[in-house]
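Heads up: the structure comes next, in structure tokens.
2 protein chains.
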Amino acid sequence: MIPHDHPRYQSLVTREHLAECARSGIVSWEGLISHGRGEAFDYLLGEKTSDSARRAARVAAALLRTARYPVISVNGNTAALAAREIAGLQKASGALVEVNLFHRTPERVAQIESLLCDAGADVFSGEAERLLPLSHDRAWCRRDGMYRADVVLVPLEDGDRCGVLVEMGKKVIAIDLNPLSRTARTATLTIVDEVTRALPLIAEACATLSAEECRELVAMLDNRVFLKEAGIEMAGRLSHALD
Amino acid sequence: MIPHDHPRYQSLVTREHLAECARSGIVSWEGLISHGRGEAFDYLLGEKTSDSARRAARVAAALLRTARYPVISVNGNTAALAAREIAGLQKASGALVEVNLFHRTPERVAQIESLLCDAGADVFSGEAERLLPLSHDRAWCRRDGMYRADVVLVPLEDGDRCGVLVEMGKKVIAIDLNPLSRTARTATLTIVDEVTRALPLIAEACATLSAEECRELVAMLDNRVFLKEAGIEMAGRLSHALD
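So the protein lines, in turn, are chains A and B. First residue of the first sequence: 1, per the working numbering; consecutive thereafter. First residue of the second sequence: 1, per the working numbering; consecutive thereafter.
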């Protein structure tokens, strides 16, 4: 039990929830470590959405809205942290929701699909195939899911898979708190923000942007600007917090 | 199994080792998340010891060498990552090695003590008491161990316990990759470096510093300088890596 007088109470409660999800198999052991990495970068963001990330979320909405076949790829951590937010974004964007895991077992896939369904998502399931040119379980996806997509939203993705999806000609939207990660640098668009804060912002923008605004935002997209702004935001906190 | 072609192979191998230690009970679930936070800050250090941390390690050696009753406090993550390095530092410094856990059970304490003994450490064990003014299991320590120490080395410590030890008049040496953490700011001295790199540097300095050098280093100690230098080092990487 976490003491209520602990100064990092909220953060510890989220950690305990993730640990619970690891015990039940939703989150992998390595997923817990990834969460810690995210926590560190979020700390450097002041645990709030920057203006830059807010603009990136609007561009993400524009990409999803102008896609022919948008897919939201969900892994264990995303499902554990943000199943409801995924369901909300699906409703706002009309995207397919598909489970893709780094540490893949049929049981974990079923467990995560069921968690998403309980949260109100309409999950695209069925037989997966080894369709991506990657070693490891990351190669698996569904022919009529991520494989066919023109725009893929990958919250909390592995850098290799992100790169392969871009090479396949897809537009990839990443949500990644580390602006220096391979995922962040490889994606078409990176929202440097915490996933439960970013997803509702994308959903909101999906509902409010006009078709004309969507086209403009997509045409002007330059991911390097978003990464640079995030890096500067974090660097400022690191160099001034200790004055 | 981790694919050998993965660009972050070494980091993934360490993660898998920690996950293994979590399965066996040495590392807590929350310990995996803490490791991730450390990884993020180490990434910002370029995964190498800075000149500033190298100087801090010499000051740590001076504190241990000039102590009347130095104690090294070991938790699950430290034992999993650096049991041999702890044994090496004990030999070089003559400090007592004591296991103190945030998530404490008698079984975990015994398991970690046994891991340290196997690595060559001489572990101070025996009955623990609730001696520190803290809620939660963090209050436990041993009367003739951490409670009596004048200098305590706490690698990867919790901020509350670090603060309480300082209030008890002890000199606290932290090894913490996050220069903004409460532990880092509260400790008498913080080495902002990865634990398996920092411990051998302290041991080396214990063996080579003269008594005169030790007194000078302790007299000139200003932890704010080390934290500031670490913050600037990391900020530089964040703001320039994306140019």
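Every residue, glycine too, gets a C-beta built ideally from N, C-alpha and C. Note that the structure is predicted; figures quoted are calculated from it, not measured.
Within-8 Å CB hit, residue i to chain B
| i | result |
| --- | --- |
| A/P155 | no |
| A/S24 | no |
| A/I232 | yes |
| A/F124 | no |
| A/P200 | no |
| A/H17 | no |
| A/A241 | yes |
| A/P179 | yes |
| A/A80 | no |
| A/W140 | no |
| A/L189 | no |
| A/D51 | no |
| A/D245 | Because chain A spans 1 through 243 in this model, residue 245 of chain A falls outside it and cannot be assessed. |
| A/A235 | yes |
Of the listed residues the options, nearest to residue i (C-alpha basis)
| i | options | result |
| --- | --- | --- |
| A/S24 | A/R108, A/I202, A/L189 | A/R108 |
| B/R148 | B/L131, B/G120, B/P3 | B/L131 |
| A/G169 | A/A128, A/Y69, A/F41 | A/Y69 |
| A/L189 | A/V218, A/V195, A/A203, A/C206 | A/V218 |
| B/E229 | B/L180, B/A187, B/L81, B/T186 | B/L180 |
| B/L116 | B/V195, B/V154, B/A83 | B/A83 |
| A/D144 | A/S210, A/L199, A/V71, A/E113 | A/V71 |
| B/G231 | B/A119, B/R185, B/F102, B/E204 | B/R185 |
| B/Q10 | B/A22, B/G31, B/Y43 | B/Y43 |
| A/E127 | A/H35, A/S114, A/V27, A/C141 | A/C141 |
| A/S125 | A/V99, A/A139, A/D150, A/D137 | A/V99 |
| A/D284 | A/D160, A/E113, A/P200 | Because residue 284 of chain A is not part of the residues shown, which for chain A are 1 to 243, the question remains open. |
| B/S93 | B/N223, B/T14, B/L209 | B/L209 |
| A/R224 | A/I26, A/L18, A/A56 | A/A56 |
| B/E129 | B/D176, B/S114, B/P106, B/V123 | B/P106 |
| A/N77 | A/E113, A/G236, A/Q90, A/D5 | A/E113 |
| A/L81 | A/K91, A/A67, A/A22 | A/A22 |
| A/A174 | A/R215, A/F226, A/I26 | A/F226 |
Exposure of residue i, with buried meaning 16 or more beta-carbon neighbours within 10 Å
| i | result |
| --- | --- |
| B/S52 | buried |
| B/K48 | exposed |
| B/A79 | buried |
| A/D193 | buried |
| B/S135 | exposed |
| A/M234 | buried |
| A/I97 | At residue 97 of chain A the sequence reads Val, which differs from the Ile that was named. Buried, since its Cβ has 16 or more Cβ neighbours within 10 Å. |
| A/D243 | exposed |
| B/E20 | exposed |
| A/A211 | exposed |
| B/D122 | exposed |
Continuous alpha helix (DSSP H) stretch holding residue i: start and end
| i | result |
| --- | --- |
| A/I72 | Note, A/I72: premise wrong, no alpha helix (DSSP H); beta strand (DSSP E) at 70-74. |
| A/L217 | 211-219 |
| A/D51 | 51-66 |
| A/K228 | 223-240 |
| A/I202 | 195-208 |
| A/D42 | 29-44 |
| A/V192 | Taken as a continuous stretch (DSSP letters only), A/V192 belongs to no alpha helix (DSSP H), as it is neither H nor E. |
| A/E20 | 9-24 |
Any C-beta of chain A under 8 Å from that of residue i
| i | result |
| --- | --- |
| B/N77 | no |
| B/K228 | yes |
| B/A62 | no |
| B/P133 | no |
| B/E107 | no |
| B/S34 | yes |
| B/P3 | yes |
| B/H103 | no |
Segment limits, beta strand (DSSP E) that includes residue i
| i | result |
| --- | --- |
| A/L96 | 96-99 |
Residue i CB to nearest heavy atom of the ligand ZN below 7 Å
| i | result |
| --- | --- |
| B/R185 | Only the bare structure without any ligand can be found here, which leaves the ligand ZN out of the picture. |
query = In the segment 111-188 of chain B, which residue ranges form an unbroken alpha helix (DSSP H) of at least 4 residues, counting only runs that do not cross its ends?
reply = 159-167, 182-186
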